[in-house]
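Residue numbers (this note's numbering): 69 to 230.
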């Protein structure tokens, strides 16, 4: 049994349903963005969205798209993996050896309230709750970057505690 299986087995069924709903909302957000449907995207995001970015300033692509400053044609987000963990949905994508990104969306009652954008940064997500430390898993790591094209590349690393 993997660490991810242990996380799933320790969660109540209602939490799993919420995770599936959160994952579907974020997936719909990306599909809306790829179709140019900013109006559709706007209904998923809180008006007071909290945003955090790590990477080169010129690479704040998603936030520029969400604010209407740029379009999907300038940078295309094609998620390679999507994973829901509690109220967070983690999306990962990469394009060759030069571009790697991770987005962490936090949802509350079906609305995105927080967005973290990481560009060319390795990310490790850990469980910092006291409950998680006792029950869910031994090493507390919930998710780690795993882009196939970038293993030989040196990137800064961050730990995100949820």
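Just so you know, even glycine gets a beta-carbon here, dropped at the ideal spot from N, CA and C.
Same chain only: Cβ atoms within 6 Å of residue i, ignoring 5 sequence neighbours per side
i	result
residue 229	194 and 196
residue 94	157 and 173
residue 160	148, 149 and 170
Residue i to residue j span [Cα, whole Å]
i	j	result
residue 87	residue 185	20 Å
residue 210	residue 131	25 Å
residue 129	residue 190	17 Å
residue 181	residue 165	31 Å
residue 122	residue 85	31 Å
residue 109	residue 163	24 Å
residue 175	residue 98	15 Å
residue 151	residue 143	22 Å
residue 178	residue 101	18 Å
residue 134	residue 124	18 Å
residue 104	residue 116	22 Å
residue 92	residue 127	26 Å
residue 81	residue 167	Low confidence applies to residue 81: its pLDDT is 45, below 50, so where it sits in the model is not reliable enough to give any reading.
residue 111	residue 96	11 Å
Burial state of residue i (16 or more Cβ within 10 Å)
i	result
residue 201	Note that residue 201 scores a pLDDT of 48, beneath 50, so its modelled location is shaky; the value from the coordinates is reported in the next line. Exposed: under 16 other Cβ atoms inside 10 Å.
residue 171	buried
residue 214	exposed
residue 90	buried
residue 137	exposed
residue 187	buried
Span of the alpha helix (DSSP H), counted from its first residue to its last, around residue i
i	result
residue 189	Unbroken run through residue 189: none, as it is neither H nor E.
residue 132	129-134
The beta strand (DSSP E) enclosing residue i, as first and last residue numbers
i	result
residue 28	A question about residue 28 goes unanswered here, because the residues of the chain that appear run from 69 up to 230.
residue 122	113-122
residue 107	First-last for residue 107: 106-110, but that is the alpha helix (DSSP H), not the beta strand (DSSP E).
residue 209	209-212
residue 138	Here residue 138 belongs to no beta strand (DSSP E), and DSSP marks it neither H nor E.
residue 161	156-163
Contact set for residue i: own chain, Cβ-Cβ below 8 Å, skip 5 residues either direction
i	result
residue 119	131, 182, 183, 184 and 185
Cβ neighbours of residue i in the same chain (closer than 7 Å, five flanking residues each side left out)
i	result
residue 155	90, 174, 175 and 176
residue 106	136
residue 146	161
residue 114	179, 180 and 181
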